[in-house]
Every structure is written in structure tokens, then in C-alpha cells.
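As C-alpha cells, the structure follows; a few thoughts come after it.
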Amino acid sequence: MADHNTNNQHFAHHLDHQHHNQSAPDIHNPEIEYLDRLMAGWTVPATRTREEAWDQFRASIAARPAQEARVIAFSPRRIWGAAAAAAAVLLICISGGVFFTRTSEIIAQAGETEMVNLPDESVATLNAGSVLRYSSASWMLERQVSLEGEAFFQVQRGSQFTVKTSAGAVAVLGTSFNVKHRGDILEVVCHTGKVSVTSANSQVVTLMPGQKAIASADGALTVSQVITGDQPGWMKGMFEYEDVAVQDVLAEIARQFEVTVTYTGPASKRFTGVFYDHDLREALISICDPMELSFIFDHERGITVSAR
Amino acid sequence: MKSSFHDEETQQFRVLYDQYYEAVRNFIYYKSGDINLSEDLTQEAFMILWRKRETIDATKVKSYLYTIAHNLFLNEIKHQKVVLKFNQQPTSTVSNESPQYQMEEEEFRAQLLKAISDLPEKNRVVFLMNRMEKMTYKDIADSLGISIKAVEKRMHKALQELRNLSPKI
């Protein structure tokens, strides 16, 4: 500890020294200039040059089967050969699928949101504690993602775009909508365009802007009107609930603030209201006060919410 | 001849390759601190781009390339502690400082490197893209598909942390 402090003072002294020695300091940001000076000459410890990397890259694209297919001469007596080559290419493409079908997995950790640019420029914004998977290889054939958690989608016009969850699927052509799958409940809100929701037991409903569908665990679908802006509230740090189990609301608190929450109150309590993501204590008060619950911070990151 | 057409296409692609190879490799290095992984994933990202070259809008190549690289990286690694290392190229400025001063500076450089390695990944990557790659905030925002404001925020946080090295920064 003492050593650490000494180092810090050392650093400060050094900076002073540096400032006095600068002939033309950048008045806006002298520290950046100093950082740059320290970092000058740093290079990434590459094991090969760009030229070497390119040679390797060119060799691997030259060896690509589809390119071989291109140079097959077209003459009647070689048609069978060409067909065989084409079949071989197809086979290689299929067996080469391991490379192509790698699934991209994007995770928004607790307390974070992630913006995902999908291959066609559609955008998915993941709320905290959510996972999105897609295959960029098969994207051209099928625009499909799978989701655990919650995300807002802004979809480019084009072929059908599908969001799969274990509680049902959402299909659109080009629109913006929010998908929330937490616990057993799938909740879809349509912001623009039209959205089709298919529940786990294959019930289908088409949502217009401002409509919300809830698919429950048994596959039943209910549709209601909601007030929507151009974005869901969570993207602006606002979390709104109408008649939702308190445990579910506290689960969102845990995801947003990166804390663990233990609930020991009555299981039947349901919450209607709002919390904001900028202050944990305020958020807890806005949930606990109207519900007649109290909360304590047990240790650094653990919260227990119980009946008063 | 078809083969020469192929060559021409390859040459066109090389322009892209030359333009972005180092930037993308360094981008993954700033995330991972693993140079072998960075070089491999960069090749793989270009390979994916090559296979899709006919369907990608030329104006979107850059952000697309970064997105592929980012996603490939996410597939590879889950939460490993990053330890960055850089080669030290001799700088052009001739130092007439005392050996004592130079030794001190060397020490601070090591402290700084450790502090940068310890930054949260997002802030570290933006900081290094800006200071090492000399990319503008707008350029970084376009590449990462985030807003300029988000870039400013990450940069601000990175500088704030580095400032903790000394109250004077």
C-alpha cells in the first residue's frame, strides 16, 4: 500500500517535470499529450507483416473450391466432368459448413446493454442479462436470431425476419419491436410496422403499432393496447410495470444494477409503477414503498427485500 | 479469361485488406491481448468478407468488418484477464534527459501499460483506437456501430481511470 502511494507521488512529480519541459503544451489537454508521449513508439507485437498475412490469405482463397469450378472449360464431352465437379463443390461447401455455420453469440451482461449490428444492418439492442445468437453464414438464406431475455429490434425491410424464443417466435418483414422473454412469459410490443407472434402452442396473432402481446407458459396469447414511443422505455432507462409479480420486477433490478436480490416477502404481491436505472436506492424505494416492503443491503452487492 | 477476372477481383480485395488489416488486428488485440488470436481472427474476418463480397454494400464494409471481428472474438473468449504488451519502437525525438529521468519514464510507461490493460474492455478499446490508431471519435463510432456520444463517454471513463494513476493527470 505504502509502495503504491509512493508510486503515485512519483508519477505526479514526473508529470510536473513533464509539464515544465513542454515547449508548446496543448492547453486543452496536456495530459493527453503526455500520454501520447509515453505511448509513442508502441506497436502491437505482430508475428507477421501485412504482406505475409496477405500472401497467406491469398493462398487460402486461391484454394477455394468455388474458384476452381470457375475455370472448368465448357465443352459437351466435359459436361459430366463439370457436373461432377459442381457436385463436388456442393459437397465441399456442405462439409465446409463448420466454418460457415459458426453461431455468433452476443451477451449483454448485467448492468450493460449491447447494440448488435446484424449482417443486413438490422439492429438489435440487448437489455441487461440477455443473449442473442445468429448465424451470419445462413443470414442470406434466412434472417433468424434466437433470444434469451429482452431486446429491441429495428429491422431492415426485406425477407421475413424471425426472433425465436423457447416460448414462441416473432416474425416481421421490416419494423421495430421489443421482445421480452423472462421466466415463462414472452412479451412483444410492436412499435412500427406489423409483427406476427406465434406462441409455443402455435397460436398466431398479428400486432399493429401500439399493441402488446403476452404469451404465457401454457401458450395462451392476449393482446392489449399500450402507449409506445419510438423506443421501449428501458432504452431510456425507464422500467414500467402493470400488475407484474414483484419477484419479476426485482429480477430486473438485479440485471440493471448488477446486484443480487433476495425476496422473502409474500409471493402474491404485484407491482404497478415505474423505476429508473440511475440510482439503485431510489429504484428500490419506488418499488418497496407502495408495496409495503423494506430492503436492506446485506453486504456490498446483496439486497434482501422483505415484508415490513 | 475467367482466371484473370479472379485476379482482378483479388487485387480489388487487396485494397480493402491493406486498408483495414492492421486496424482490425489491433482492434482484436486491444480486446484480447492475444496476438495469435488477433491475427487468426482477422484472417477469418476477411475470409467471411471475401465470401460475401458480392452482397456487401461497399460503404458498409468497415463497420461490417469490425462487427464480424467482434463477433468472432465473442465466440472465442470468455472473460480472460487481458495483459497487453507492446513492442517499443525507437521514437524520433532524441532524448537529452538524464539517465535517471529516462529510467523513471520507463517505470511510468510500465505503470501506464498495466493501467490500460486493467481498463474495462470497452473503454480500453476505444481509448487505444483513439490514441494508438489515431481514429477520430466519429470513425470509432462508425466502426463499432455505437454513437459518438458513447465513444466520448468511454474515452472519458478511460482517461478518468488513467488519471487515478496520479491526481495530477
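As given, the protein sequences belong to chains C and R, one line each in that order.
Heads up: the first sequence is residues 36 to 343, going by the numbering used here.
Heads up: the second sequence is residues 677 to 845, going by the numbering used here.
The beta-carbon is built from N, C-alpha and C at its ideal position, and this holds for glycine as well.
Under the 10 Å beta carbon count, Leu176 of chain C is surrounded by fewer than 16 other beta carbons and is classified as exposed. Residue contact with chain C for Leu750 of chain R: present (Cβ-Cβ distance below 8 Å to some residue of chain C). Judged by DSSP secondary structure, Phe196 of chain C falls within the beta strand (DSSP E) whose first and last residues are Phe196 to Thr200. Per DSSP, the beta bridge partners of Cys225 of chain C are C:Phe212.
Residue burial is scored here from C-beta neighbours: Met779 of chain R has fewer than 16 other C-beta atoms within 10 angstroms and is therefore classed as exposed. Here Val230 of chain C is buried: its Cβ has 16 or more other Cβ atoms, across all protein chains shown, within 10 Å.
Selection C:Ala143, C:Gly76 and C:Gly300 evaluated against Arg807 of chain R yields C:Gly76 as nearest (Cα-Cα). Residue-level contact by beta carbon fails for Asn162 of chain C and chain R, as no gap is shorter than 8 Å. Taking a 10 Å sphere around the C-beta of Thr731 of chain R, we find fewer than 16 other C-beta atoms and assign the residue as exposed. Taking every protein chain shown into account, the CB of Pro267 of chain C has 16 or more other CB atoms within 10 angstroms, so this residue is buried. Nearest to Leu713 of chain R by alpha-carbon distance, out of C:Arg72, C:Ala81 and C:Glu68, is C:Ala81. DSSP places Thr84 of chain C in the coil class of the three-state scheme, outside both helix and strand. For Gly254 of chain C, the closest alpha carbon among the candidates C:Ala302, C:Ala202 and C:Glu275 is that of C:Ala202. With contacts defined as CB atoms closer than 8 Å, Val801 of chain R and Phe703 of chain R qualify as a contacting pair.
Residue environment analysis places Asp710 of chain R among the buried positions, since at least 16 neighbouring C-beta atoms fall within 10 angstroms of its C-beta. Distance from the CA atom of Thr78 of chain C to the CA atom of Phe762 of chain R, rounded to whole angstroms, is 5 Å. Between Thr257 of chain C and the set C:Phe274, C:Lys271 and C:Val232, the nearest pair of CA atoms involves C:Val232.
Beta-bridge partners of Ser774 of chain R (DSSP): none assigned.
Taking the beta carbon of Thr686 of chain R as reference, the chain C residues within 9 Å of it are Arg93, Ile96 and Ala97, listed in sequence order.
Between Tyr696 of chain R and chain C, the shortest Cβ-Cβ separation is not below 8 Å. If you draw a straight line from the Cα of Gln776 of chain R to the Cα of Glu837 of chain R, it is about 27 Å long.
For Arg343 of chain C, no alpha helix (DSSP H) segment is defined, and its DSSP state is neither H nor E. Residues of the same chain with a CB within less than 6 Å of the CB of Val207 of chain C, apart from the 5 flanking positions on each side, are Val190, Phe196 and Val230 in chain order.
As computed with DSSP, Leu242 of chain C is found in a beta bridge with C:Val230. By the Cβ rule, the region 780 to 789 of chain R does not count as touching the region 820 to 836 of chain R, because fewer than three pairs are nearer than 8 Å.
The Cβ atoms of Glu185 of chain C and Ser165 of chain C sit closer than 8 Å to each other. Chain C places a beta carbon closer than 8 Å to that of Tyr705 of chain R, counting this residue as a contact.
For Ile142 of chain C, the uninterrupted beta strand (DSSP E) run begins and ends at Thr138 to Ala143, by DSSP.
Short of 7 Å from the beta carbon of Asp333 of chain C, and not among the five residues preceding or following it, lie these beta carbons of its own chain, in chain order: Thr339. The alpha helix (DSSP H) runs of length 4 or more contained entirely in the region 775 to 804 of chain R are, from start to end of the chain, 775 to 794.
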